[in-house]
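Remarks on the structure that follows.
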Amino acid sequence: MGDGTVWHPTVRLVEPDELADWVRCLRIGFHQDEPDGLVEHLRAEVDLDRTWAAFEGSDLCGTLRSAATSLTVPGPAPVPATAISSATVAPTHRRRGALSAMVDAALGFGKEAGEVVSILVAAEYPIYGRFGFGPAIEGAVYHVDVRAVRFRRRAVGHVALVEPETLRSEAPAIYDRVRVAQPGAIDRSPRWRDVALGIVEVPGAPAAATRLGLYRSPSGVPEGYVRYQAKQDWDQMRPNSQLSIDDLVASTPEAYHALWQFCCEVDLVRSLEAWQRGVDETLPWLLEDGRAVRQASRFDFIWARLLDVPGALAGRRYATSDALVLEVVDQRGLAGGRYLLDGGRDGATCTATTAAADLVAPVDALGSVYLGGMSWHVLHRAGRVDEESPSAVARAEAMFRSAPVPWCSTWF
Ligand SMILES: CC(C)(COP(=O)(O)OP(=O)(O)OC[C@H]1O[C@@H](n2cnc3c(N)ncnc32)[C@H](O)[C@@H]1OP(=O)(O)O)[C@@H](O)C(=O)NCCC(=O)NCCS
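Quick note on the numbering used here: the sequence shown kicks off at 165 and runs consecutively.
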């Protein structure tokens, strides 16, 4: 491409025998090596009906894939969603529209399949707004000074260390009870679970001694589990080990309390980190000194893009009963239009209308507020949303807010 020729990417689904090139491009894009066995590992994971590549001639120079998932929205209620991942373009072909063409292919496919919203994790903030995505779910990392931890009361029930096979059978039901009640949560496939539990090994992944704890209530019901790693360390004969929580899932408040208490009380541990948690963690409220828990970082995690405004907005419930006309502006021509949203706690309708708009919003701003985690007020103050009738922003704010705050604990 150094000859001055203008290159236009060709984007199409990848063929099975092109997967090795696809994986190579993906790993170059994310600055990762290519361990033996990775292509076959990913072959079992990707859906070739939704795995795209960009080409220059026969040279593969871009990757992107998507998967169908179920996203819990405020209600709580599930809606069908497109989860996009693995987006890369070779450094030799960047900034010539390859990503744009692949994103358009995946969004078009998702819309055609009846998926009402698309979600992704953005590697860099400035990439995806142009495609209609807005930051919708925040994540947080917590640090816990375990020496300062005193629980206000002792948890009931019991945490046992278990083998992966035990969690393989117990975790799905526990997670699904949490998922259907938590806005922002998505499906975890059997494959995802097996990778997380180490039953399926990821080629090249660092070997880590992962421990698995299963919580049972006093009557013996499995209600939560934790995956953690502890790293041994000593500081001049003083214990200084660190414990890192990869996943803590609790379907009852008691399970939550007991699993955190268990992790905070593992001997020889001086510091604890929990990553990919929600921004409204309950833990500080269980302690005599809530400052033993520090939110070490907070970041945009899941970005959302509406594909079908009536389907997405009618799919959730609203904190107050109201009716608003929303004018949605979509540069990519997928979801724009003027819609009457009439909703409340028991359900909602959303239909095209010619009535005057109360609010005008670009589709990425609507993606940000869709799950109730971001504020219409803030977007209005930032000039991202126009208020066309008095108090429309305040009414939308009251309708769209979600308790609990949306949270997604699942990487994809
Ligand atoms: C991010 C990446 C996929 C972009 O691919 P690309 O083919 O260069 O993107 P496009 O040419 O389609 O870019 C479309 C627009 O987005 C902009 N853009 C693309 N990547 C951007 C970035 N990282 N930061 C800011 N703007 C970016 C382009 O400038 C272009 O803007 P324009 O329409 O105003 O000209 C590529 O740079 C890459 O592989 N990066 C490393 C891996 C990565 O970060 N992947 C994203 C995972 S979520």
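Glycine is no exception: its CB is placed at the ideal position from the N, C-alpha and C atoms.
Of all alpha-carbon atoms in R214, R357, F315, the one lying nearest the alpha-carbon of A247 is that of R214. The stretch 266 to 348 contains, as complete beta strand (DSSP E) runs of 3+ residues, the segments 281 to 285, 298 to 309, 322 to 325 (chain order). The DSSP-derived three-state label of F219 is strand. Taken from the Cβ of L206, every heavy atom of ligand 1 lies 7 Å or farther away.
Closest in C-alpha terms to V178, from the list D200, T233, R207, comes R207.
Counting only runs of at least 3 residues, the stretch 231 to 271 fully encloses the following beta strand (DSSP E) elements, listed from N- to C-terminal order: 241 to 253. Straight through space, the alpha carbons of H307 and D453 are spaced by roughly 14 Å. The beta carbon of S573 lies closer than 8 Å to those of A349, D411, V413, Q440, R441, G442 in the same chain, with the five residues before and after it left out. The beta carbon of A529 sits closer than 8 Å to the beta carbons of G298, L543, R548, V549 from its chain, once the five residues preceding and following it are set aside; these are given in chain order. Listed as beta-bridge partners of P386 by DSSP are R380. With a cutoff of 8 Å on beta-carbon distance, A476 and V281 are scored as near each other. Sequence-distant Cβ neighbours of S553 in its own chain, meaning closer than 6 Å and more than five residues away, are D522. D399 and V305 have their C-alpha atoms spaced approximately 25 Å apart. Of the other Cβ atoms in all chains shown, fewer than 16 fall within 10 Å of the Cβ of P403; this residue is therefore exposed.
Residue state for I192 is assigned as helix, using DSSP reduced to three classes. Checking the 7 Å criterion, the Cβ of E288 is within range of a heavy atom belonging to ligand 1.
Out of S230, T252, L488, the CA that lies nearest to the CA of E561 is found in L488. Only residues of its own chain outside the window of five on either side were considered, and among them R481 have a CB closer than 7 Å to the CB of G511, listed in chain order. Contact check for L271 against L470 fails: the beta carbons are separated by 8 Å or more.
Secondary structure note for F463: it is in no alpha helix (DSSP H), and the uninterrupted beta strand (DSSP E) holding it is 457 to 470.
Per DSSP, the unbroken beta strand (DSSP E) holding V524 starts and ends at 523 to 526. The Cβ neighbour count for L432, taken over all protein chains shown within 10 Å, is under 16; the residue is labelled exposed. The DSSP-derived three-state label of A558 is helix. With contacts defined by Cβ atoms closer than 8 Å, A468 and Y534 form a contacting pair. Linking W216 to A231 through their CA atoms gives a straight-line distance of about 12 Å. Inclusion of A525 and R502 in the CB contact set at 8 Å is not warranted, their separation being larger than that value. Between the alpha carbons of P448 and L331 lies a gap of roughly 27 Å. Contact check for L423 and G377: beta-carbon distance about 7 Å, within the 8 Å limit, so the pair qualifies.
For Y503, the enclosing beta strand (DSSP E) starts and ends at 501 to 508. Bounds of the beta strand (DSSP E) holding V433 are 433 to 441. In the three-state DSSP reduction, C225 falls in the strand class (E or B). The alpha-carbon separation between R455 and D309 amounts to approximately 9 Å.
With a 10 Å radius around the Cβ and a threshold of 16 neighbouring Cβ atoms, M266 comes out buried.
Here the C-alpha atom of R294 lies approximately 14 Å from the C-alpha atom of I283. Judged by DSSP secondary structure, Q425 falls outside any beta strand (DSSP E) and instead within the alpha helix (DSSP H) spanning 417 to 428.
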